[in-house]
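Anchor point for the sequence shown: position 70 equals 70 in full-length UniProt numbering, and the numbering is continuous, going up by one each time. Ideal placement from N, C-alpha and C gives every residue a C-beta, glycine not left out. Computed from a predicted model, the values in this text were never measured in an experiment. This report refers to the structure that appears directly beneath it.
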Amino acid sequence: MNFAVGLKPLLAEARSMESLEKQLICPICLEMFTKPVVILPCQHNLCRKCANDVFQASNPLWQSRGSSAVPSGGRFRCPSCRHEVVLDRHGVYGLQRNLLVENIIDIYKQESARPLHAKAEQHLMCEEHEDERINIYCLRCEAPTCSLCKVFGAHKDCEVAPLPAVYQRQKSELSDGIAMLVAGNDRIQAIITQMEEICRTIEDNGRRQKQHLGLRFDSLYSILEERKKELLQSIAREQEAKVQRAPDGCVLA
């Protein structure tokens, strides 16, 4: 067996894992994301703890969740793109969790726990021919098999392909599927962010309308009270004038 040839897929896999790890590094703590992971409106991710640290540093007077007072929200800037993130009264706990990234982290950690040399020593052997390694893939049966099964065994009439080639093709298809899933997740997160902005706008408009209505009502009430006062004073003056003009013996009932 050519050891250099066998080592190439392992080196490629190691480089791929290293590249993936770089995508899972938090820009604040410079460590792998710690769950829960939150996604900002600009689509960058942060550990929620790190996001809270940045938020608290930018808003030192903001009340914590455990306070009896109701906080009014705040803002901070994304450490990756400097986009301003505006938060409601829930603070960073109001940000959407990125469950997809959390799942990818779990998968990455499971895969990283397997030693590289252990992967190199794994050779699946054929159940029918115990001394033969599984090295080809039956396209019709969609099953890995060995060369002897193709020549003499159950797959002699089937179309086969080298197992590494099939593996690379399926891996590429899976990567494309993951990329589409990530892109779809980004679009969904963008829509969620947009809907949250719309809801906040509706709430702000409703609050302003209520405030405006209250001010108008207070103004009208003040006008009515002033008019009532004027009318009562006018009646009192008129009554007093009539009493003064009445004969001395006239007594008002």
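Could you tell me whether the Cβ atoms of residue i and residue j are closer together than 8 Å?
{"i": "residue 45", "j": "residue 37", "result": "yes"}
{"i": "residue 126", "j": "residue 158", "result": "no"}
{"i": "residue 141", "j": "residue 128", "result": "no"}
{"i": "residue 25", "j": "residue 47", "result": "no"}
{"i": "residue 147", "j": "residue 130", "result": "no"}
{"i": "residue 35", "j": "residue 102", "result": "yes"}
{"i": "residue 160", "j": "residue 134", "result": "no"}
{"i": "residue 174", "j": "residue 144", "result": "no"}
{"i": "residue 178", "j": "residue 96", "result": "no"}
{"i": "residue 154", "j": "residue 92", "result": "no"}
{"i": "residue 263", "j": "residue 100", "result": "Limits of the chain in this structure are 1 at one end and 253 at the other, which puts residue 263 out of reach."}
Based on the DSSP secondary-structure assignment, which residues constitute the bridge partners of residue i?
{"i": "residue 46", "result": "38"}
{"i": "residue 54", "result": "In the DSSP output, where bridge partners are listed per residue, residue 54 has none listed."}
{"i": "residue 160", "result": "138"}
{"i": "residue 25", "result": "32"}
Taking the continuous beta strand (DSSP E) assigned at residue i, which residues delimit it?
{"i": "residue 143", "result": "143-145"}
{"i": "residue 76", "result": "74-77"}
{"i": "residue 136", "result": "136-138"}
What residue range does the alpha helix (DSSP H) around residue i cover?
{"i": "residue 217", "result": "163-245"}
Could you check how far apart the C-beta atoms of residue i and residue j are, in whole angstroms? I think they sit under 8 Å.
{"i": "residue 78", "j": "residue 124", "result": "In fact, because the Cβ distance is near 46 Å, the residues do not count as touching under 8 Å."}
{"i": "residue 20", "j": "residue 108", "result": "6 Å"}
{"i": "residue 58", "j": "residue 82", "result": "With a Cβ gap of about 12 Å, residue 58 and residue 82 do not count as contacting."}
{"i": "residue 189", "j": "residue 43", "result": "6 Å"}
{"i": "residue 105", "j": "residue 32", "result": "7 Å"}
Margin query: Suppose only complete runs of 3+ residues qualify. What are the beta strand (DSSP E) ranges in the stretch 80-133, listed by chain order?
Written below: When DSSP assignments are scanned along the stretch 80-133, the uninterrupted stretches of beta strand (DSSP E) that are 3 or more residues long and fall wholly within it turn out to be 84-87.
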